[in-house]
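For what it's worth, our numbering labels the leading residue of the sequence shown as 255, then goes sequentially.
Yeah, the Cβ is synthetic: ideal placement off N, Cα and C, and Gly gets one too.
Accompanying notes for the structure given below.
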Amino acid sequence: MEANDFLAQHKLGRKDFARSDLSKVDLSQKDLHKINLSWATLIKANLSSTRLCRANLVCADLSNANLRGADLHRANLRRANLVKADLRDADLRDTDLRGADLSWAYLQGAKMQGAKMQDVKMDKVVWRTKNQYHL
255 MEANDFLAQH KLGRKDFARS DLSKVDLSQK DLHKINLSWA TLIKANLSST RLCRANLVCA
315 DLSNANLRGA DLHRANLRRA NLVKADLRDA DLRDTDLRGA DLSWAYLQGA KMQGAKMQDV
375 KMDKVVWRTK NQYHL
């Protein structure tokens with residue numbers, strides 16, 4: 255059974271997947287609240303509209319991941335690699351992003367109230383698309 259099939263068929267909230275390689279996995283629209291994905295590799299993973307509130311994503315590699323519309327409320331993303339991640343319309347309220355790398359990330363419409371942002375790298379972050387400049 256492939257990783258995608260296994261993960262799609264099981265309840266994953268509160269589970270421990272620390273240091274797992276979940277690159278390119280499709281976990282869109284899943285309930286993963288309080289999951290432990292610390293130090294996990296999630297390169298190009300599809301986590302769109304996924305519930306990741308209070309998830310442990312410390313030092314996770316989420317580069318090029320699709321997190322569009324994901325619920326990351328109160329998640330721990332300290333020192334996570336979010337380079338080129340799609341975080342459009344994501345809920346990042348009260349999220350711990352200290353030391354994370356958000357370079358080239360897409361943040362249009364993301365809710366970031368109360369997020370801890372100390373030492374976050376934000377080179378070339380995309381806050382809006384060209385057509386969003388029109389009122």
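Alpha carbon of L356 to alpha carbon of Q283, nearest angstrom
Counting from 1 along the sequence shown, the entry for residue 356 is found at position 102. Counting from 1 along the sequence shown, the entry for residue 283 is found at position 29. Going from the Cα of L356 to the Cα of Q283 covers about 23 Å.
Who pairs with T295 in a beta bridge, going by DSSP?
-> As a working mapping, residue 295 is identified with position 41 in the sequence shown. Answer is D275 and D315, bridged to T295.
Item to check | Of the listed residues G353, Y360 and L316, nearest to A369 (C-alpha basis) | outcome: Locating residue 369 in the sequence shown gives position 115, counting from the first residue. Comparing Cα positions, the closest option is G353.
**Report entry** Residues that D343 bridges to, as DSSP identifies them
**Finding:** For this step, residue 343 is matched to residue 89 along the sequence shown. Paired residue(s): none; D343 is not in a bridge.
Own chain, CB closer than 7 Å to R333, minus 5 neighbours either side, in chain order: Here residue 333 refers to the residue found at position 79 when the sequence shown is read from its first residue. Closer than 7 Å at Cβ, skipping near neighbours: V312, C313, G353 and A354.
(message) Quick check on R308: buried or exposed, where buried means 16 or more other Cβ atoms within 10 Å of its Cβ?
(response) Position 54 of the sequence shown, counted from the start, is the residue given in the question as residue 308. Its Cβ being crowded by 16 or more others within 10 Å, R308 is buried.
- prompt: When we look at the beta-carbon of R305 and count the other beta-carbons within 10 Å, is it buried (16 or more) or exposed?
  reply: As a first step, residue 305 is located in the sequence shown; it is residue number 51 there, counting from the start. By the C-beta density criterion, R305 is buried, having at least 16 other C-beta atoms within 10 angstroms.
According to DSSP, simplified to helix, strand and coil, what is D377? By one-based count along the sequence shown, residue 377 stands at place 123. D377 sits in coil when the DSSP states are folded into three classes, being neither helix nor strand.
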